[in-house]
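Under this note's numbering, think of the first position of the sequence shown as 163, with each following residue one higher.
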Amino acid sequence: MAEHARIARFFAPLAQKEPGSFSLTDDAALLTPPPGQSLVITTDSVIEGIHVLQHATPAQFAQKLLRRNLSDLAAMGAAPWRYTLNLHTPAGLADAWFAAFATTLAGEQEQFGCTLIGGDSTSGPADAPIHTTLTCFGLLEGPALHRSTAQAGEDIYISGTIGDAALGLQLLQHNPQHNDTLTDRYHLPKPRLALGKALHGIATAALDISDGLLADIHQLCAASGVGACIQREAILCSAALQERLEHDPAIWQLVLSGGDDYELCFTAPTALRNHIAALSQQLGLPLTRIGETRAISGVALLDATGALLPLTHLGFEHR
Ligand SMILES: [Mg+2]
């Protein structure tokens, strides 16, 4: 199918809710954000063999692509609104791939409340990996959450459980057919949008954990000009991961430095502990205090006895 026909058939239906998309027939889209709201803009790619497995399904591409972007909006406290899409696909990729990709995106749009407004598609050599990029436009009332605004002496929290996706990926690398809660976490990030929104007035700084827990905490600390002390045993892991961890302590490395968690990490004043416990109840989402910011340099990791763990042995890298 020719590019224009493909856009009209598979992608124009995704643009119907935004008149400024002109049903993807114009050269550009026209957006007017609702009065009093700021646009929050983020972009992320999903490349075959890098962010998804080789031969990932169209649904896996669509879900990871949108959700990675939404996780960045969540980290800023913003809500999803509109997005553009760029596809670079190998020549001869079947129309059925585009149909399935668009069908999944339609469901994702519905779930998260965002609408396609434009994009571009190109095709490369038949053996080129599929390369997808999405730029998401979120809406924000009031100030955004930032990485750079934590102060020494605050609590550090993480949402949900850490390490599942990294272990899921490791299982998939051994057996691409492996299918359990861990591989689900790898394929299907859950952007913490409700939490991001609720953190206004609570969190002093926030970011989403996508590159690995310690690497991302390091990013937040470096941006804020503080250090951190993290209690390793306080990090919440799922039952499935905990069970493997007991048999194989080397899995700690995946928990601490594996990627793809898409949970939020945030700092908050110690006076808000009860408030944050109530928020956790309200959202039905664990919010776990794993350490504190300090007026030191870098990130220190402590074991259950309070002994300092050497980060270089845990795969921690400054990125
Ligand atoms: Mg991010």
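Glycine included, each C-beta is placed from N, C-alpha and C at the ideal position.
*Just the C-alpha distance for residue 415 and residue 338, rounded to the nearest angstrom, thanks.*
Counted from its first residue, the sequence shown places residue 415 at position 253. Counted from its first residue, the sequence shown places residue 338 at position 176. Using only the alpha carbons, I get a separation of about 22 Å.
*Just grab the DSSP bridge partners of residue 241 for me.*
The count along the sequence shown starts at 1 and reaches residue 241 at position 79. Beta-bridge annotation (DSSP): residue 241 is paired with 301.
*Which residues bound the alpha helix (DSSP H) around residue 346?*
As a working note, residue 346 is residue 184 in the sequence shown. Under the DSSP assignment, residue 346 falls in the alpha helix (DSSP H) whose first and last residues are 343-349.
_Within the region 383-452, ranges of the beta strand (DSSP E) (whole runs, at least 3 residues)_ = 389-393 and 425-430
*Less than 8 Å between the CB atoms is what I'm expecting for residue 386 and residue 278, so what's the real figure, rounded?*
Here residue 386 refers to the residue found at position 224 of the sequence shown. Here residue 278 refers to the residue found at position 116 of the sequence shown. Actually they do not touch by this definition, with Cβ atoms about 35 Å apart.
_For residue 361 and residue 263, what's the separation of their Cα atoms in angstroms?_
Here residue 361 corresponds to residue number 199 of the sequence shown, with the count starting at 1. Here residue 263 corresponds to residue number 101 of the sequence shown, with the count starting at 1. Each residue's alpha carbon lies about 33 Å from the other.
*Going by DSSP, which residues form a beta bridge with residue 210?*
Position 48 of the sequence shown, counted from the first residue, corresponds to residue 210. 214, per the DSSP bridge assignment.
*Ignore the nearest five residues each way along the sequence and tell me which others in residue 224's own chain have a CB closer than 7 Å to its CB.*
In the sequence shown, the residue the question calls residue 224 occupies position 62. If we look at residue 224 and ignore the five residues flanking it on each side, its Cβ neighbours are 263, 266, 267 and 270.
*If you measure from the CB of residue 189, is any heavy atom of ligand 1 nearer than 8 Å?*
Indexing the sequence shown from 1 puts residue 189 at position 27. No, ligand 1 has no heavy atom inside 8 Å of this Cβ.
*Would you list the residues whose beta-carbon is nearer than 7 Å to any heavy atom of ligand 1, in the order they occur in the chain?*
Near ligand 1, residues with a Cβ at less than 7 Å from any of the ligand's heavy atoms are 233, 234, 237, 369, 370 and 372; the list follows chain order.
*How close, in whole Å, do the beta carbons of residue 355 and residue 440 come, if the pair is a contact with beta carbons under 8 Å?*
What you label residue 355 is simply residue 193 of the sequence shown in a count that begins at 1. What you label residue 440 is simply residue 278 of the sequence shown in a count that begins at 1. Rounded, the Cβ-Cβ distance is 19 Å, inconsistent with contact.
*Starting from the N-terminal side, write out each stretch of the beta strand (DSSP E) that is 3 residues or longer and does not extend beyond the region 248-319.*
277-286 and 293-302
*Same chain, Cβ closer than 8 Å to residue 196, five either side skipped, listed in chain order*: Looking up residue 196 in the sequence shown gives position 34. Hits under 8 Å: 301.
*residue 192 in three-state terms, based on DSSP*: For this step, residue 192 is matched to residue 30 along the sequence shown. In the structure shown, residue 192 sits in coil (DSSP, three-state: anything other than H, G, I, E or B).
*Quick one: is residue 389 buried, meaning 16 or more other Cβ sit within 10 Å of its Cβ, or exposed?*
If you number the sequence shown from 1, residue 389 lands on position 227. Its Cβ being crowded by 16 or more others within 10 Å, residue 389 is buried.
_residue 452 versus residue 199: straight-line alpha-carbon distance, rounded_ = Numbered from its first residue, the sequence shown carries residue 452 at position 290. Numbered from its first residue, the sequence shown carries residue 199 at position 37. So the two alpha carbons sit approximately 33 Å from each other.
*asked:* Measuring straight from C-alpha to C-alpha, what distance separates residue 166 and residue 219?
replied: As a first step, residue 166 must be located in the sequence shown, where it is residue number 4. As a first step, residue 219 must be located in the sequence shown, where it is residue number 57. So the two alpha carbons sit approximately 23 Å from each other.
*Own chain residues within Cβ distance below 7 Å of residue 399, not counting five before or after*: Counting from 1 along the sequence shown, the entry for residue 399 is found at position 237. Result list for residue 399: 323, 324, 325, 407 and 417, in chain order.
*Can you give me the Cβ contacts of residue 395 inside the same chain, cut-off strictly under 8 Å, excluding the 5 residues immediately before and after it?*
Residue 395 sits at position 233 when you count from the first residue of the sequence shown. Correct list, in chain order: 465 and 466.
*For residue 456, which of helix, strand or coil comes out of DSSP?*
Taking the sequence shown and counting its residues from 1, the one referred to as residue 456 is at position 294. The answer is strand: DSSP assigns residue 456 an E or B state.
_Unbroken beta strand (DSSP E) run spanning residue 360, endpoints_ = For the purposes of this step, residue 360 is taken as the residue at position 198 of the sequence shown. It is not in any beta strand (DSSP E) - residue 360 instead sits in the alpha helix (DSSP H) that spans 355-360.
_Cβ-Cβ distance between residue 221 and residue 252 below 9 Å_ = In the sequence shown, the residue the question calls residue 221 occupies position 59. In the sequence shown, the residue the question calls residue 252 occupies position 90. Cβ distance not < 9 Å, so residue 221 and residue 252 don't count as in contact.
*What are the start and end residues of the beta strand (DSSP E) that includes residue 367?*
Start at 1 with the first residue of the sequence shown, and residue 367 comes out as number 205. Run containing residue 367: 367-371, per the beta strand (DSSP E) assignment.
*Through-space distance from residue 435 to residue 484, alpha-carbon basis*: Lying outside 163 to 481, the shown extent of the chain, residue 484 is not represented and no answer is given.
*Please say whether residue 424 and residue 328 have beta carbons closer to each other than 9 Å?*
Here residue 328 corresponds to residue number 166 of the sequence shown, with the count starting at 1. Here residue 424 corresponds to residue number 262 of the sequence shown, with the count starting at 1. For residue 328 and residue 424, no; Cβs fall outside 9 Å.
*Please classify residue 221: does DSSP put it in a helix, a strand, or coil?*
Counting from 1 along the sequence shown, the entry for residue 221 is found at position 59. Correct three-state label for residue 221: helix.
*asked:* Assuming residue 462 is part of the beta strand (DSSP E), what are its boundary residues?
replied: Locating residue 462 in the sequence shown gives position 300, counting from the first residue. Here the beta strand (DSSP E) through residue 462 covers 461-464.
*Determine whether the Cβ of residue 435 lies closer than 9 Å to any Cβ atom of chain B.*
Here there is only one protein chain, and chain B is not present.
*Mind checking who residue 201 pairs with in its DSSP beta bridge?*
Counting from one through the sequence shown, the residue named residue 201 turns up at place 39. Residue 201 pairs with 301.
*asked:* Check for me: the alpha helix (DSSP H) holding residue 333 runs from which residue to which?
replied: Numbered from 1 along the sequence shown, position 171 holds the residue referred to as residue 333. Element bounds for residue 333: 326-336.
*asked:* Quick check on the burial criterion: 16 or more other C-beta atoms within 10 angstroms. Buried or exposed for residue 163?
replied: Within the sequence shown, numbered from 1, the residue matching residue 163 stands at position 1. Looking at its Cβ environment, which holds fewer than 16 other Cβ atoms inside 10 Å, residue 163 is exposed.
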